[in-house]
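Peer 1: Numbering (my numbering), first residue to last: 2 to 262. Beta carbons are placed, not taken as given, at the ideal position from N, Cα and C, and that holds for glycine. Just so you know, these numbers come straight off a predicted model, no measurement behind them. Here it is, the structure, as structure tokens.
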Amino acid sequence: MDGKDYAGRSAVVTGGASGLGEATAELLASKGVHVVIADLNADAGSALATKIGGTFVKCDVTDTDDVIATVDEALSHGPLQFAVNCAGIGSISRTVGRDGQYSSAFPLDYFKKVVEINLIGTFDMTRIAATAMSRNDPDDDGQRGAIVNTTSVAAFDGQIGQVAYSASKGGVVSLTLPLARDLSAVGVRVNTIAPGLIDTPIYGSGPESEAFKAKLGESVVFPKRLGHAAEYASLAWELLSNPYMNGEVIRVDGAIRMPPK
Ligand SMILES: NC(=O)c1ccc[n+]([C@@H]2O[C@H](COP(=O)([O-])OP(=O)(O)OC[C@H]3O[C@@H](n4cnc5c(N)ncnc54)[C@H](O)[C@@H]3O)[C@@H](O)[C@H]2O)c1
2 MDGKDYAGRS AVVTGGASGL GEATAELLAS KGVHVVIADL NADAGSALAT KIGGTFVKCD
62 VTDTDDVIAT VDEALSHGPL QFAVNCAGIG SISRTVGRDG QYSSAFPLDY FKKVVEINLI
122 GTFDMTRIAA TAMSRNDPDD DGQRGAIVNT TSVAAFDGQI GQVAYSASKG GVVSLTLPLA
182 RDLSAVGVRV NTIAPGLIDT PIYGSGPESE AFKAKLGESV VFPKRLGHAA EYASLAWELL
242 SNPYMNGEVI RVDGAIRMPP K
């Protein structure tokens, strides 16, 4: 958007081995950025790194040492210009079990795990990446870098069984404005994307999941299909490169509003 040359700059994409992160890593690489793909999935991550001329780092976003090692790897390829947080997991469990026993209420360790990956992992990468960006030379606007985080429409329209996922993603929404305010001191912008139903490996593979996805697509207002990962990546690039976008949460969802179930 800003027409700048990002050759020699680096970026980190968490969850970059698959789905939304993969599409974003490919788009960033096409802009001349050296992309560090940070993911648990070493096979897919390494293959993508080879394809796009980037680097794979095995990174668990719940481990601060991994997060720092990822950012340091990016810095070894040039100043860190962008970070995109796509690492995340879904969750399905009702709050109260059918038998009325305390032991069948939502497993608390599961709730904590979802929040740890989706919310705390996102914040950890954001704080470490922004710290590295704060050392960059500023551009004419005083800008040193930009970050995109990933929430979900489930932050707003969480369905039955989605309490943990929705709470974790709601946290990512609520981080956005105070982060943008905090990071204005160092010239780093932060925006958040709330995808609707995007066709990625998160829905599994095979004939059953294809049928499930086709049915899901019917609930989208327009266009009547799941989104493509490239449509997320295109918005991520706009948010990363448009200097006036800051502190915003944007849905990319074909106008879907999720029903209770
Ligand atoms: N696909 C959708 O419809 C959709 C909708 C709304 C939000 N989202 C969100 O977008 C993000 C990406 O989803 P996707 O559809 O591309 O999923 P995906 O499963 O294709 O990719 C997620 C990636 O995150 C990685 N990951 C998981 N836990 C990790 C951890 N602890 N550390 C590092 N990497 C980890 C996985 O290995 C995987 O490669 C997630 O945060 C998801 O909640 C997706």
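1. Is the separation between the beta-carbon of GLY188 and that of GLY143 shorter than 8 angstroms?
2. Of all the beta strand (DSSP E) runs that stay within the bounds of the region 78-156, which reach a length of 3 or more residues?
3. Would you say the beta carbon of ASN42 comes nearer than 7 angstroms to a heavy atom of ligand 1?
4. Count the other CB atoms, across all protein chains shown, that sit within 10 Å of the CB of GLY205; report buried if there are 16 or more and exposed otherwise.
5. Please work out which residues of its chain come closer than 7 angstroms, Cβ to Cβ, to ASP158, disregarding the five sequence neighbours upstream and downstream, and give them in chain order.
6. Quick one, are the C-beta atoms of ILE118 and ILE90 less than 8 angstroms apart?
7. Once the 5 residues before and after LEU217 are set aside, which same chain residues still bring their CB inside 6 angstroms of it?
8. Can PRO139 be considered in contact with ligand 1, in the sense that its beta carbon sits closer than 7 angstroms to one or more heavy atoms?
9. Helix, strand or coil, according to DSSP, for ILE161 in the structure here?
10. Going by alpha carbons, who is nearest to SER242 out of GLN160, VAL85, SER92 and THR96?
11. Return yes when at least one heavy atom of ligand 1 lies under 7 angstroms from the C-beta of ILE38, else no.
12. Buried or exposed for GLY101, please, with buried defined as at least 16 other CB atoms from any protein chain shown within 10 angstroms of its CB.
13. Give the DSSP bridge partners of THR56, in chain order.
Peer 2: In short, the structure shows the following:
1. Taking 8 angstroms as the Cβ cut-off, GLY188 and GLY143 qualify as a contacting pair.
2. With a minimum length of 3 residues, the continuous beta strand (DSSP E) runs that stay inside the region 78-156 are 81-86 and 146-151.
3. Under cutoff, so the answer is yes.
4. Around the beta-carbon of GLY205, fewer than 16 other beta-carbon atoms lie within 10 Å, marking it exposed.
5. So the qualifying residues of the chain are ARG258 and MET259.
6. Cβ atoms of ILE118 and ILE90: closer than 8 angstroms.
7. Counting only Cβ-Cβ distances below 6 angstroms, and skipping sequence neighbours, we find LEU198.
8. No, Cβ of PRO139 sits at least 7 angstroms from all heavy atoms of ligand 1.
9. In this structure, ILE161 counts as coil in the three-state DSSP scheme.
10. Distance from the Cα of SER242 is smallest, within the candidate group GLN160, VAL85, SER92 and THR96, for VAL85.
11. In this structure, ILE38 has its beta carbon at no less than 7 angstroms from each heavy atom of ligand 1.
12. Answer is exposed; the Cβ neighbour count stays below 16.
13. DSSP, once it has assigned bridges, lists VAL37 as partnering THR56.
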